[in-house]
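First comes the structure, then the notes that go with it.
2 protein chains.
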Amino acid sequence: MQEEQPIVDIALHLKNHGIRPSMQRMAIMEYLMGTSTHPSVDVIYSHLLPKMPTLSRTTIYNTLELFREKGAIRVLNLDNKITRYDGKTTEHAHFVCRRCGRIYDVEIPDEIYEQLNKLPDHLVEQTDVNYTGVCAECLGPNVIR
Amino acid sequence: MQEEQPIVDIALHLKNHGIRPSMQRMAIMEYLMGTSTHPSVDVIYSHLLPKMPTLSRTTIYNTLELFREKGAIRVLNLDNKITRYDGKTTEHAHFVCRRCGRIYDVEIPDEIYEQLNKLPDHLVEQTDVNYTGVCAECLGPNVIR
DNA sequence: TTGTAATTTTGTAACGATAACAAATTTGTA
DNA sequence: TACAAATTTGTTATCGTTACAAAATTACAA
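Quick note, the sequences are listed as chains C and W, same order.
For the first sequence, the working numbering gives the first residue as 7, with consecutive numbering after it.
For the second sequence, the working numbering gives the first residue as 7, with consecutive numbering after it.
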């Protein structure tokens, strides 16, 4: 429940990415940066609607596309059904638990990314590492598999 | 243009994965194994229709889902728009060229996969490595970037 | 401050890939 | 041959996303 990130920082964060801040944009970015649940458009919408009753889904789509263009977020392609968004832009991998459905951040050593990115003759701009399996919590002793 | 894979082998290949062979299933698997273009359902449909005029898209969806369940193919989630399918089940990565749109297989050393799969407390069942960037051909000296 | 253009937001409608479903066809086996 | 199971097919429905234009807001010049 990490809330209350200073508004000014969010605005500055957007400006640093060449994005003019607006209430909607700040709200969306604030939510993305304050959660690690990799929410979908619908989850973002449901979360913000109580505080911004006039918010439109289209605005969220537009805003996320803008964020992506400017490199302010990462877009996750994990199941070809729902697009999820990640406010954390530093390099990390994702683990999809097929039991609980959650998506966890996984830190991978820089050396491995360096090795991965050594692709002769190619210009590598992004490297996505996605795991599928069963997470630690679901593997716990009290859980029936 | 690698065609003419012996039908008997395709049937055997399916049986080895617990899949009862049928004309449609063999045609789909034969196409998947004979190409490295990672085709979508529509591409598969267009390719097979001339030889199988009664073929239905639904059959392709059903068949690919069956193949996936049985572990006979890999499903690629690369852009959240179109699902692509890969007949090659041995471990390898994928490179998406943002210029030509092609998807190339990339071989990654086993050691790297071993390192990647060392996730404490997790049961890793699949590891996907997806690159985005510009491919060797598009980086060639005669191509304007 | 006022007017105007540019930007942003919004709601509706359209799109398209996929899934649900039931009927029709084919296959396996008694 | 007969019948049940499996497979294929066409139609319809679903739902995430995009297109589009109008409305609202903001930035800036006079």
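Even glycine gets a Cβ: it sits at the ideal position worked out from N, Cα and C.
Owing to the predicted nature of the structure, the values given are computational and were not obtained by experimental measurement.
Chain C within 8 angstroms of residue i, Cβ atoms only
i	result
Gly139 (chain W)	yes
Pro147 (chain W)	no
Leu122 (chain W)	yes
Chain-ordered chain C contacts of residue i [CB-CB under 8 angstroms]
i	result
Asp48 (chain W)	Neighbours of Asp48 (chain W) on chain C: none; closest Cβ ~14 angstroms, over 8 angstroms.
Asp85 (chain W)	Asn83
Residue i to residue j span [Cα, whole Å]
i	j	result
Arg80 (chain C)	Tyr37 (chain W)	34 angstroms
Thr95 (chain W)	Gly77 (chain W)	8 angstroms
Thr41 (chain C)	Leu70 (chain C)	16 angstroms
Ser46 (chain W)	Asp15 (chain C)	43 angstroms
His53 (chain W)	Leu61 (chain W)	11 angstroms
Asp116 (chain W)	Phe73 (chain W)	25 angstroms
Ile25 (chain C)	Gly93 (chain C)	15 angstroms
Val6 (chain C)	Cys144 (chain W)	Residue 6 (chain C) lies beyond the residue range present for chain C, which begins at 7 and ends at 151; the question has no answer from this structure.
Thr43 (chain C)	Asn123 (chain W)	22 angstroms
Pro126 (chain W)	Pro59 (chain W)	51 angstroms
Ile27 (chain C)	Leu129 (chain C)	In the sequence under discussion, the amino acid at residue 27 (chain C) is Pro, which differs from the Ile named in the question. In a straight line, the C-alpha of Pro27 (chain C) is about 32 angstroms away from that of Leu129 (chain C).
Glu120 (chain C)	Thr133 (chain W)	17 angstroms
Asn68 (chain C)	Glu131 (chain C)	23 angstroms
Asn22 (chain C)	Ile88 (chain C)	29 angstroms
Gly146 (chain W)	Ile118 (chain W)	28 angstroms
Asn86 (chain W)	Glu75 (chain C)	16 angstroms
Leu82 (chain W)	Leu82 (chain C)	13 angstroms
Same chain, Cβ closer than 7 angstroms to residue i, neighbours up to 5 away in sequence not counted
i	result
Ile50 (chain C)	Ile34, Tyr37 and Ile66
Thr138 (chain C)	Val102 and Arg104
Arg63 (chain W)	Val47 and Tyr51
Beta-carbon proximity list for residue i, same chain, < 6 angstroms, skipping 5 on both sides
i	result
Arg151 (chain C)	Residue placement at Arg151 (chain C) is flagged as unreliable, the pLDDT there being 46, under the threshold of 50; a coordinate-derived value is accordingly withheld.
Met39 (chain W)	Gly93
His98 (chain W)	Asp111 and Glu113
Residue i: contacting residues in chain C (beta-carbon distance under 7 angstroms)
i	result
Ala142 (chain W)	Asp127 and His128
Chain W contact for residue i (CB, 8 angstroms cutoff)
i	result
Ile109 (chain C)	no
Asn22 (chain C)	no
Asp15 (chain C)	no
Glu131 (chain C)	yes
Met39 (chain C)	no
Neighbourhood of residue i by C-beta, 8 angstroms cutoff - its chain only, sequence neighbours within 5 removed
i	result
Leu84 (chain W)	Arg90, His100, Val102, Ile109 and Asn136
Met32 (chain W)	Ile13, Ile16, Ala17 and Leu20
Lys57 (chain C)	Ala33
Cys170 (chain C)	Lying outside 7 to 151, the shown extent of chain C, residue 170 (chain C) is not represented and no answer is given.
Met29 (chain W)	Met58
Leu55 (chain C)	Leu61
Listed by chain order, chain W residues near residue i by CB distance under 9 angstroms
i	result
Asn68 (chain C)	Those do not exist, as Asn68 (chain C) stays about 17 angstroms from chain W at its closest Cβ, beyond 9 angstroms.
Glu71 (chain C)	Residues of chain W passing the Cβ test: none, with the nearest at roughly 12 angstroms.
Beta-carbon neighbours of residue i, restricted to chain C and to distances below 9 angstroms
i	result
Ile118 (chain W)	Ile118, Gln121 and Leu122
Asp92 (chain W)	Within chain C, no residue comes near Asp92 (chain W); the closest Cβ sits about 13 angstroms away, beyond 9 angstroms.
Contacts of residue i in chain W (Cβ-Cβ under 7 angstroms)
i	result
Thr89 (chain C)	Asn86
Glu97 (chain C)	Neighbours of Glu97 (chain C) on chain W: none; closest Cβ ~13 angstroms, over 7 angstroms.
Within the segment 37-108 of chain W, ranges of the beta strand (DSSP E) (whole runs, at least 3 residues): 80-82, 90-92 and 99-103
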